[in-house]
Amino acid sequence: MPKKELETANRPDNTAFTQQRLPAWQPILSAGIVIPGFVLIGLAFIGIGVALFLTSRNITVLEMDYTGVETTSDCYKCSAGTLPNCVCNLYFTLNETFPGTVYFYYGLSNYFQSYRKFGASRDDNQLSGDTYYFTSPLAVCTPYQYDVNNNPIVPCGISANSMFNDTFNLYQLVNGSKTVPLDGRGIAWWSDYNIKFRNPTSDPLRNAFNGTVKPPFWSKPVFELDLTDKSNNGFLNQDFLVWMRRAALPNFRKLYRRITGPDYASGLPPGNYTIEIAYNYPVMSFNGRKKVVLSNVSWMGGKNDFLGVAYLVVGSLCIVMSMVMLIVYAKFKFPDDV
Amino acid sequence: ILLTKCEDFCKGRVDSRTIYVGHRPCHDPEAFIPPKFCDNRIVSSKYTVWNFLPKNLFEQFRRIANFYFLIIFLVQVIVDTPTSPVTSGLPLFFVITVTAIKQGYEDWLRHKADNEVNKYLVTVLEDGQRMRKESEKIKVGDVVEVVEDETFPCDLVLLRSSREDETCFVTTASLDGESNHKTHYTVPDMEQDLLSLNATIECEQPQPDLYKYDKLNLSCELKAKSLGPENLLLKGATLKNTEKIYGVAVYSGMETKMALNYQGKSQKRSAVEKSINAFLLVYLCILVSKALVCTTLKYVWQSQPGQDEPWYNQKTQKEKDSNLVRLVFFSCFLSRMFTDFLSFMVLFNFIIPVSMYVTVEMQKFLGSFFISWDKDFFDPEIQEGALVNTSDLNEELGQVEYVFTDKTGTLTQNNMEFIECCIDGFQYKYTDSSTELDGFCVTDGPVNQLQQKKEELFLRALCLCHTVQVKEPCHPAELRGFIASSPDEVALVIGAMKYGFTFLGMESNSMKVMNRNNEVETYQLLHVLNFDPVRRRMSVIVRSKSGDTMLFCKGADSSIFPRVRQHEVERIRMHVERNATEGYRTLCVAYKLLKPEEYALVDTELREARLSLQDREDKLLKVYNQVEDNMSLIGATAVEDRLQEEAAETMEALQGAGMRVWVLTGDKMETAKSTCYACRLFQRGTELLELTVRTLEDGGRNREDRLHELLLDYHKRAVQDAPPVKAGVTRNWSSSHQDYGFIIDGATLSLVLNSSTDSDCYKTLFLKICQNCTSVLCCRMAPLQKAQIVKLVKCSKGSPITLSIGDGANDVSMILEAHVGIGIKGKEGRQAVRNSDYAIPKLKHLKKLLLAHGHLYYVRIAHLVQYFFYKNLCFILPQFLYQFFCGYSQQPLYDAAYLTMYNICFTSMPILAYSLVEQHICMEALLENAALYRDVAKNAMLRWGPFSYWTLLGVYQGLLFFFGVRFLFGNPALQDNGQVFGNWSYGTIVFTVLVFTVTLKLALDTRYWTWVNHFVIWGSLAFYTFFSFFWGGIIWPFLRQQRLYFVFANMLSSVAAWLVIILLIILSLLPEILLQVLRKPRGTHSRQVLHTHTHTHTDRYYPHKHTHTHRHTHTHTHTHRQVLPPQTHRHTDTHTDRYYPHTHTHTHTHRQVPHTDRYYPHTHTQTGTTHRQVLPPHTHTDRYHTHTHTHTHTHTDGHRQVIILANKSLVKRTSL
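Those protein sequence lines, which keep their order, are chains A and U.
Be aware that the first sequence starts at 1, since it is given in the UniProt record's numbering, and climbs by one per residue.
Be aware that the second sequence starts at 1, since it is given in the UniProt record's numbering, and climbs by one per residue.
Below is the structure:
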């Protein structure tokens, strides 16, 4: 339209943006794009699903409850919680080799690490080695902030106090019993071990904890958690780190050890084994269960059929839908791409 | 006796007020108590400095959402809750502050505007002195001086005028829209000097009716005079053609008629906001029920053995205490439960998006700039573009169902022009060229002596039969100006001047006319038989120099034709009718030679009637009728009140978009009617239902009865007998459905509205009839009546969205009353613009404002609102589900940073950008296809249907997110080194899926990807990733717990996490993609809109809707059901003809038979033309896309069309 072009101050700017005429890509999801797309996605998903499913199938898992609910169980005697330092044994037999590096987990059921209180009741300042908070822990740690004598508890809080304290030893039963060495390193997150948790800088370590008391549930103070390995003490104790990483769900497992000993690096050979359990952790009061899990892992982690199945289902779904669409389109000749 | 006296006294106090002119009491100065009246200040602002804070806060917290957030904030402060009070306090503070600043600024502007009026300096006579005073300081009783072109500062009684004849001229354009000059008279016999005048005025208490002014008395030293409306000058009117006047203020400030006709400016709420509030309530219910469920389950669960207090999670001493107490006091137990309930509320409160309000406000504020930036709204004449006063209503522009428009200055330019005349059956058209000025060219017929005589007689009649005054030019170079009470008269006089007969003016009762030969003819004016709306004609009786006494009469055809000789009528009737259908204002001119004895009789009768004291009006009417009879018809005139540019096209587009247009005007019915015809609001086939004073008096019965009868009759015709109008179907004039137009005038309207008996019944009847009519015309409306009508419709069933458009102060009340008020930046001042929500320079801009901007705004904001609720639902649902896995302990699933940032940073920008730039259909298509507007009518995108779809989508995705990850965490060892993931990893995976899904969902909905969209959508995702790395990569000193440290990085190192994220994103978008493909229209070229070519040769002779104006766009709206073969075609527009369809089918790839036109049974027969058709690819319209079938017809020669329309009225015409 030939309009008299008047350049005045009032005249709106004639730019693409102000006139809402920005150049734009105007895609349309048409059948021509969607059907091949669905087929591609479907095929890819089925591929991934098959890979995942097979991988998951190849993972060996051995799961054993040792709570001692049944009277037949060796741990039945310990489950009442009346015997101090109760030790029980868990026997199992492998008919064939348990392949790969075997990971040793312990599992708890009906145990709510995901309680809000549980998670909140900790003092990360203490755990990062700030000694100021050794003498006055945060109030969120109550009821494990100070003991009855008003001594500060280190590490304070519910999380730390309730640390899992069963210990396990694995023996292969050949010609008596042969200890299967368990490797306790590398079971916690790298970042937790190296950065997030810090011991106070004092030598010896225990000096830093003068004037503090251990959490009431603990049998040993935090600087004596591992008497065999000096570096595995204090807040950098790997079992402690693993415990302090809260599980998401009430039935969870946590990594306890890896079996990396020279004889067992490529797996557990067939035979009879026993796990010697120092049964300390009470779970019966809240209907909890304890178990040990032996498992190897793959590139996708532990055994989990869900992912493979889900991929297969979604992949097939895509294929089916693309077929349906194709039929519909062929039949009704949609004038899609004129 | 005493009692009645007292009553009288009291009544007197109530009904009238006494004003002492110049504050001088007439008698008895001792007992003089100056009466108290309000001052002359106009206040339109809402706040003062002092009450701003409390009043504004109160208003803001009346908003349900703001109040809710306040409560949440308080709960967080008081109760121990999982999240900090900052998370909700900060956004709330932000929202409140931003809104307060915005409203404060707007009010400041109003203050400024008020001050402009109030501080205006006027001259007041006080104690014999002329004083300059600020307008607001005028008191009732002050004598005020007003000079020419000034506006009256308050309502004045005219005391003295500088004109000799004791009159003054006034234009009330800004009051009632009539821009002609009205004559007002001074109080008769005011000989006394104004400075020493002692007088009192008794007048009624202020009331808003502009045309009513009773009970006025001026008593002056026992000499009482009666005053009428002709003595009252209203505030807002302007003095014209008079040097200066003096008047005494009788009503001031907020009591003036203008102010009383204003209405308080209340804050307008858009329908979208109402929807938001409704949705909000739903979400509140969801929220409360979630919290209730959790609280209940918590206590049920805890009552199981071992669950309440496992040894590892012992309660603190304090809690134990309260447990102890609980045994004693049950109420404490309840209070604990209540605390838990509140904690859950706080945990889930994010489901109600606080940031939505910020985003909506921002969207509205920023979005409104597009209106003021639009260069299509720029008018080079006034050098201005559109103006946005209220950005709150942008989306309402896309929802309009009723348009109320002013006539003068809005539909028309208020600029009369003489177009043509018809003398003795021959048509004379003035061709605009100076060479033929003397020619008075004859287009038809032989030139002979007789003819010449008739022409001259006709022109003389035009020059003499009027009440025009000549305005002497201030300096000689100027053209002669004319002033008259009706602009048509001026147009006629100017028209005659063009043909050589110039009216020179009046000189002591004789009119001087200069004829073609530059001779001055003088006629003695004997009588003026004034115009009145009942007679609808006026006459003059003049005596020429030669002694002939002649009567010239001009008037509406209906009132002239019965009074002339019948054989003359037929020749002229044809022309008149044709002119009328073209929208011209037609007048017939007749004349009669009076014999001396005849005149003598008439003269005495007229004088008698004039002087009679009783039934003067009736007697005069009788004489008039007697005189104006048996005349001979000379000819007819056609005057055009120029329509605004593209007025008819705009109206057509609005009607095509499903809006009903009502014309509300203060003007006369005839004028308004012809405008309606010209704008194609009324068509040739439209049956007019008239409810005016005239029709009421037809039956000669009681008005009330007649009204009742008429209403019932019309109701029967328009409502009961009419086939039910399907919503969304255009009115097709070719269908059998009869169009109705309704006409009502102000007096009848007040009868309908204020009827004593069954007023509600009348009202409903009236409304029903009107709503069944395609157009309604309300004439002779007072400003407040306009608002009443708007209110009536606004509050009717279904509460339709109304829009008022006008340009004068008389439109202010309706502009304020309607949902959306539009002001036109016309010539009549700025009041309408100031009070409007949007102001545009021209009427034609309304089309783009509504069809393009309004539609887009609506779609944008509707999508914004739905999206916000959706994304918060699938945000919070996993957190709710997580409560089942954490012992109902109010453990948040997501980290606090994610909770706070989700709405503010991660997902806010893409939707904001979408809601600013999205064009699901491009602007051209929207303008081209008015019918597209119906797709979003009645709040289509925010009804419960779409809302439940979005809600279901949110629930589906929320469930998917949570349980997908839940099954993955069946074995939390997700890394190839056997390490396990904890709860924060769980939350982070869910959150990552969430952010990606909702962002990609928006990407799927985006139809218009500008760089802005690309930038924000991909940018948001990148920002989320970056932020997560950053947030988890550093030990933050201010955090009490480093919960997320390395969680994100660790998550990314897990293949399983990657796989589950991809899986869940795709799975949650799958149904959406599927739906889009199936619901979605085909056609990749759908949005390439071909410009229809604009050579619409408009047919002057045939201005009806079905323009066979070679509109070469065949626009078809197909309602496609995607899968099913039978397609329903709805033709919204124009003709398909028999010769074309085969070409359509080439391009339609639908399974479609060559379309027989079921709905438009009409044929075009063409002869003698060669049509070459170029048919570019057809495009068509469906829900989201517009395809325009563009046919290019090349007419190689002038064509002759015979159009046979299968309408009720069979019309046959051959164009030249």
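Where is the CB? At the ideal position from N, CA and C, for every residue including glycine.
Is the distance from the Cβ of residue i to the Cβ of residue j below 8 Å?
i          : j          : result
LEU1000(U) : ILE1065(U) : yes
ALA188(A)  : ASN983(U)  : no
ILE35(A)   : SER322(A)  : yes
VAL346(U)  : ILE101(U)  : no
TYR20(U)   : THR200(U)  : yes
VAL980(U)  : PRO972(U)  : yes
LEU70(U)   : LEU53(U)   : no
VAL793(U)  : PRO783(U)  : no
LEU225(A)  : ASN237(A)  : yes
TYR66(A)   : LYS290(A)  : yes
At a threshold of 7 Å, does residue i count as lining the ligand GTP (C-beta to nearest heavy atom)?
i         : result
ALA113(U) : Summarising the ligand content, the structure contains no ligands, and the ligand GTP is consequently not present.
Going by other Cβ atoms of all chains shown within 10 Å of its Cβ, with 16 needed for buried, is residue i buried or exposed?
i         : result
TYR132(A) : exposed
SER121(A) : buried
THR15(A)  : exposed
ASP760(U) : exposed
HIS184(U) : buried
GLY367(U) : buried
VAL314(A) : buried
VAL324(A) : exposed
THR179(A) : exposed
LEU551(U) : buried
Please report the residue range of the beta strand (DSSP E) in which residue i lies.
i               : result
ASN169(A)       : 167-172
ASN89(A)        : 86-94
TYR68(U)        : Taken as a continuous stretch (DSSP letters only), TYR68(U) belongs to no beta strand (DSSP E), being part of the alpha helix (DSSP H) at 64-78.
SER775(U)       : 775-779
residue 1225(U) : Residue 1225(U) is absent from the structure shown; chain U starts at 1 and stops at 1216.
LYS240(U)       : 238-240
ASN175(A)       : From DSSP, ASN175(A) is part of no beta strand (DSSP E); its letter is neither H nor E.
May I ask which residues mark the beginning and end of the alpha helix (DSSP H) holding residue i?
i          : result
ASP603(U)  : 596-611
HIS527(U)  : No alpha helix (DSSP H) holds HIS527(U); the beta strand (DSSP E) holding it covers 520-532.
ASP705(U)  : 703-714
ARG132(U)  : Careful: ARG132(U) lies outside any alpha helix (DSSP H), inside the beta strand (DSSP E) at 129-134.
TRP1031(U) : 1011-1033
CYS294(U)  : 271-302
ASN365(U)  : Looking at the sequence itself, residue 365(U) is Phe, so the reference to Asn does not match. Unbroken alpha helix (DSSP H) run through PHE365(U): 354-367.
LEU1070(U) : 1055-1079
Let me check one thing: in DSSP terms, what residues is residue i bridge-paired to?
i         : result
HIS111(U) : For HIS111(U), which the question treats as bridged, DSSP gives no partner whatsoever.
THR637(U) : CYS421(U) and LEU587(U)
ARG543(U) : GLN524(U) and THR549(U)
GLY129(A) : None, per the DSSP bridge assignment.
ASP229(A) : Paired residues: none, contrary to the question.
THR18(U)  : GLU202(U)
TYR252(A) : One point to set straight first is that residue 252(A) is Phe, not Tyr, in the sequence displayed. PHE252(A) is bridged to LEU108(A).
Which runs of the alpha helix (DSSP H) spanning at least 4 residues fall entirely within the segment 878-918 of chain U, listed in chain order?
896-901 and 908-917
Give, in chain order, every unbroken run of the alpha helix (DSSP H) that is at least 4 residues long and sits entirely within the segment 908-983 of chain U.
908-917, 923-928 and 944-968
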